[in-house]
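A.B. asks: Below you will find the structure I want to go over with you.
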Amino acid sequence: MSFSTGLGCAGAHPARHLDPPPAGKTFRGVCATHFLRKRRFAGCPGRFECSANSRQSGPRRTTKDTMYDLHPEISMLYGEDNGAIAAPSKEQGLGKAIETLPLADASIAYRYNEPRIKVIGVGGAGSNAVNRMIESSMKGVEFWIVNTDFQAMRMSPIDPANRLPIGQELTRGLGAGGNPEIGMNAAKESQELVERAVSGADMVFVTAGMGGGTGTGGAPVIAGIAKSMGILTVGIVTTPFSFEGRRRALQAQEGIAALRSNVDTLIVIPNDKLLTAVSPNTPVTEAFNLADDILRQGVRGISDIITVPGLVNVDFADVRSVMSDAGSSLMGIGTATGKTRARDAALNAIQSPLLDIGIERATGIVWNITGGSDLTLTEVNAAAEVIYDLVDPGANLIFGSVIDPSYTGQVSITLIATGFKRQEESEGRPAQAGGDGNRGRGGSRFSSPSQDEGPKLQIPEFLQRKGRSGFSRG
Numbered sequence: 001m002s003f004s005t006g007l008g009c010a011g012a013h014p015a016r017h018l019d020p021p022p023a024g025k026t027f028r029g030v031c032a033t034h035f036l037r038k039r040r041f042a043g044c045p046g047r048f049e050c051s052a053n054s055r056q057s058g059p060r061r062t063t064k065d066t067m068y069d070l071h072p073e074i075s076m077l078y079g080e081d082n083g084a085i086a087a088p089s090k091e092q093g094l095g096k097a098i099e100t101l102p103l104a105d106a107s108i109a110y111r112y113n114e115p116r117i118k119v120i121g122v123g124g125a126g127s128n129a130v131n132r133m134i135e136s137s138m139k140g141v142e143f144w145i146v147n148t149d150f151q152a153m154r155m156s157p158i159d160p161a162n163r164l165p166i167g168q169e170l171t172r173g174l175g176a177g178g179n180p181e182i183g184m185n186a187a188k189e190s191q192e193l194v195e196r197a198v199s200g201a202d203m204v205f206v207t208a209g210m211g212g213g214t215g216t217g218g219a220p221v222i223a224g225i226a227k228s229m230g231i232l233t234v235g236i237v238t239t240p241f242s243f244e245g246r247r248r249a250l251q252a253q254e255g256i257a258a259l260r261s262n263v264d265t266l267i268v269i270p271n272d273k274l275l276t277a278v279s280p281n282t283p284v285t286e287a288f289n290l291a292d293d294i295l296r297q298g299v300r301g302i303s304d305i306i307t308v309p310g311l312v313n314v315d316f317a318d319v320r321s322v323m324s325d326a327g328s329s330l331m332g333i334g335t336a337t338g339k340t341r342a343r344d345a346a347l348n349a350i351q352s353p354l355l356d357i358g359i360e361r362a363t364g365i366v367w368n369i370t371g372g373s374d375l376t377l378t379e380v381n382a383a384a385e386v387i388y389d390l391v392d393p394g395a396n397l398i399f400g401s402v403i404d405p406s407y408t409g410q411v412s413i414t415l416i417a418t419g420f421k422r423q424e425e426s427e428g429r430p431a432q433a434g435g436d437g438n439r440g441r442g443g444s445r446f447s448s449p450s451q452d453e454g455p456k457l458q459i460p461e462f463l464q465r466k467g468r469s470g471f472s473r474g
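The sequence shown begins at 1 in full-length UniProt numbering and counts up one residue at a time.
Written as structure tokens, this is what we have:
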């Protein structure tokens with residue numbers, strides 16, 4: 001005989017059935033609702049008794065039970081005569097106790113303490129960006145690559161279990177041939193695999209290079225799947241260099257328009273803007289490497305705020321409040337050394353060529369300062385003053401700091417400005433940064449626009465007044 005109840009601990013998981021306690025026996029634990037509950041199971045002389053009840057009957061515990069301090073959904077599984085989990089000794093601690101739980105229940109504790117962040121690299125450029133993140137030893141995130149080119153996937157250092165080939169029937173693993181329509185249909189064909197990959201995440205980054213086939217067509221579909229599952233979804237993509245041709249630029253516009261309606265926050269990085277920050281003699285291969293590295297820095301700048309302990313702890317809910325349904329967003333990156341390195345890094349970030357407009361009009365700011373063990377509170381304050389003096393007093397600002405020994409002697413600041421879409425729409429102007437409408441989840445047909453359309457790549461006026469910025473190449 002098994003049963004379930006709508007109150008107390010079983011109420012936390014209505015579908016969970018618990019075996020009734022033997023006659024005359026008492027199960028004790030902390031009820032998931034945190035209320036005092038004492039319920040006799042119908043037809044059974046035994047009972048479940050919430051340990052939060054100071055007047056509980058039966059044998060009293062004379063020693064503190066460490067399991068009572070766990071999350072209610074964990075501690076409800078433990079009680080007298082309950083073999084589901086044994087009380088941990090002082091030597092074992094919480095980790096050992098959780099190891100004895102069934103997998104589904106053990107995952108509750110870990111999800112309760114730490115948000116799960118996944119980075120999905122789509123297509124060649126997205127996969128290259130993920131490879132760079134892995135090589136730079138990014139922590140606290142789970143990496144995936146998605147591609148129609150199976151041979152290219154085998155070159156990645158990522159765990160083979162996290163390589164997701166899509167469109168096997170459509171492309172036979174030979175790639176999308178630069179056709180976004182094929183990339184889109186390949187992602188739709190493999191929707192169940194994508195859902196499995198993003199399942200359980202609290203936040204998903206979808207990164208890709210716009211203009212090709214798999215990334216341009218597949219990224220909007222994959223992002224839409226994640227967002228439809230209630231996951232905070234952030235798109236970070238690049239647009240092609242001018243030397244890559246007009247066709248790729250036009251396809252990128254179509255892809256960005258489709259992606260925008262399928263993410264909470266979209267950060268578009270025009271590759272041509274990167275050329276203003278490097279030497280004119282920069283080799284082509286180095287230019288592409290720089291584009292991949294900018295994607296890496298964007299993802300790391302946000303994820304480190306959540307996953308890496310710093311001077312100031314930031315809740316995942318804080319980041320969600322700024323980035324949920326934020327629309328088009330902009331990113332600036334600045335680094336500096338010397339006596340005024342923190343202030344200079346902040347100035348470089350807000351003067352970054354990646355910022356099409358100033359941050360004054362942003363309704364939300366997420367910024368992260370990274371330095372070595374020599375980073376001081378005074379320096380953090382100096383950087384904050386530069387940023388806070390520019391933003392709207394009513395803007396929602398989320399600040400994080402990370403200590404990384406490899407940054408000794410230098411400071412790096414990553415700044416994400418959000419809320420431009422909401423502000424422009426309220427003023428009756430269309431949203432900026434690449435596209436003209438909602439196509440639905442992966443619904444773009446990627447038809448070619450007229451030939452007089454194309455990306456207008458200009459250095460913003462405020463940047464011309466203030467000068468150029470430097471970038472971290474690490």
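Yeah, the Cβ is synthetic: ideal placement off N, Cα and C, and Gly gets one too.
(1) Going by DSSP in three states, residue 476 sits in which element: helix, strand or coil?
(2) Secondary structure at Gly224, three-state DSSP: helix, strand or coil?
(3) Can you tell me where the beta strand (DSSP E) with Phe399 in it begins and where it stops?
(4) Is Met301 buried or exposed, if buried means 16 or more other CB atoms sit within 10 Å of its CB?
(5) Does the beta-carbon of Thr265 have 16 or more other beta-carbons within 10 angstroms, so that it is buried, or is it exposed?
(6) Would you mind sorting Ala10 into buried or exposed? The rule is 16 or more other CB atoms within 10 Å of its CB.
(7) Does the Cβ-Cβ distance between Met323 and Val234 come in under 8 Å?
(8) Whose C-alpha, out of Met229, Asp272 and Ile256, is nearest the C-alpha of Gly245?
(9) Suppose you measure from the CA of Ile416 to the CA of Ala382; what does that come to, to the nearest Å?
(10) Using CA atoms only, rank isn't needed, just tell me which of Arg341, Thr418, Val319 and Ala342 is closest to Phe399.
(11) When you compare only the Cα positions, how much space is there between Gly215 and Val141?
(12) DSSP on Ser242, reduced to helix/strand/coil?
(13) Kindly indicate which residue of Val386, Leu290, Val146 and Val314 has the alpha-carbon position closest to the one of Arg163.
(14) Can the beta-carbon of Leu259 be found closer than 8 Å to that of Val278?
(15) Identify, in the order they occur along the chain, each residue of the same chain with its Cβ nearer than 7 Å to the Cβ of Gly364, setting aside the five sequence neighbours on each side.
(16) Take the Cβ of Thr414 as the centre, count every other Cβ of all protein chains shown within 10 Å, and call the residue buried at 16 or more, exposed below.
(17) Unbroken beta strand (DSSP E) runs of length 3 or more, entirely within the UniProt domain "Tubulin/FtsZ 2-layer sandwich" (312-429): which are they?
(18) Between Trp367 and Ser406, what straight-line distance do the alpha-carbon atoms span, to the nearest angstrom?
(19) Report buried or exposed for Gly332, applying the criterion of at least 16 other Cβ atoms within 10 angstroms of its Cβ.
(20) Please list the terminal residues of the continuous beta strand (DSSP E) segment that includes Gly121.
C.D. replies: According to the structure shown:
(1) With the chain covering only 1 through 474, there is no way to say anything about residue 476.
(2) For the purposes of this step, residue 224 is taken as residue 224 along the sequence shown, with counting starting at 1. It is helical.
(3) Position 399 of the sequence shown holds residue 399. Here the beta strand (DSSP E) through Phe399 covers Asn396 to Ile403.
(4) For the purposes of this step, residue 301 is taken as residue 301 along the sequence shown, with counting starting at 1. Reading off the sequence, residue 301 comes out as Gly, not Met. Classification of Gly301: buried, given that the 10 Å Cβ count is 16 or more.
(5) As a position in the sequence shown, residue 265 is number 265, starting the count at 1. That one is buried.
(6) Reading the sequence shown from its first residue, position 10 is the one you call residue 10. Because Ala10 sits at a pLDDT of 38, beneath the cut-off of 50, its placement in the model cannot be relied upon, and the following sentence gives the value as read from the coordinates. Under this definition Ala10 is a buried residue.
(7) As a working note, residue 323 is residue 323 in the sequence shown. As a working note, residue 234 is residue 234 in the sequence shown. Taking 8 Å as the Cβ cut-off, Met323 and Val234 qualify as a contacting pair.
(8) Start at 1 with the first residue of the sequence shown, and residue 245 comes out as number 245. Gly245 has its Cα closest to that of Asp272, out of Met229, Asp272 and Ile256.
(9) Translated into positions along the sequence shown, residue 416 becomes position 416. Translated into positions along the sequence shown, residue 382 becomes position 382. One C-alpha to the other measures close to 18 Å.
(10) Walking along the sequence shown from the start, residue 399 turns up at place 399. Closest option to Phe399, Cα to Cα, is Val319.
(11) In the sequence shown, residue 215 corresponds to position 215, counting from 1. In the sequence shown, residue 141 corresponds to position 141, counting from 1. Approximately 21 Å between the Cα atoms of the pair.
(12) If you number the sequence shown from 1, residue 242 lands on position 242. The answer is helix: DSSP assigns Ser242 an H, G or I state.
(13) Here residue 163 refers to the residue found at position 163 when the sequence shown is read from its first residue. If we check each option's Cα against that of Arg163, Val146 comes out closest.
(14) The sequence position of residue 259 within the sequence shown is 259, counting from 1. The sequence position of residue 278 within the sequence shown is 278, counting from 1. Their beta carbons are not under 8 Å apart, which means Leu259 does not touch Val278 by this criterion.
(15) Numbered from its first residue, the sequence shown carries residue 364 at position 364. Contacts found: Val322, Ala326, Ala395, Asn396, Thr418 and Gly419.
(16) Here residue 414 refers to the residue found at position 414 when the sequence shown is read from its first residue. Buried: at least 16 other Cβ atoms inside 10 Å.
(17) 327-337, 364-371, 396-403 and 410-418
(18) Here the question's residue 367 lines up with position 367 in the sequence shown. Here the question's residue 406 lines up with position 406 in the sequence shown. Spanning the two alpha carbons is a distance of roughly 20 Å.
(19) The residue labelled residue 332 in the question sits at position 332 within the sequence shown. Classification for Gly332: buried.
(20) Within the sequence shown, numbered from 1, the residue matching residue 121 stands at position 121. Start and end: Ile117 to Val122.
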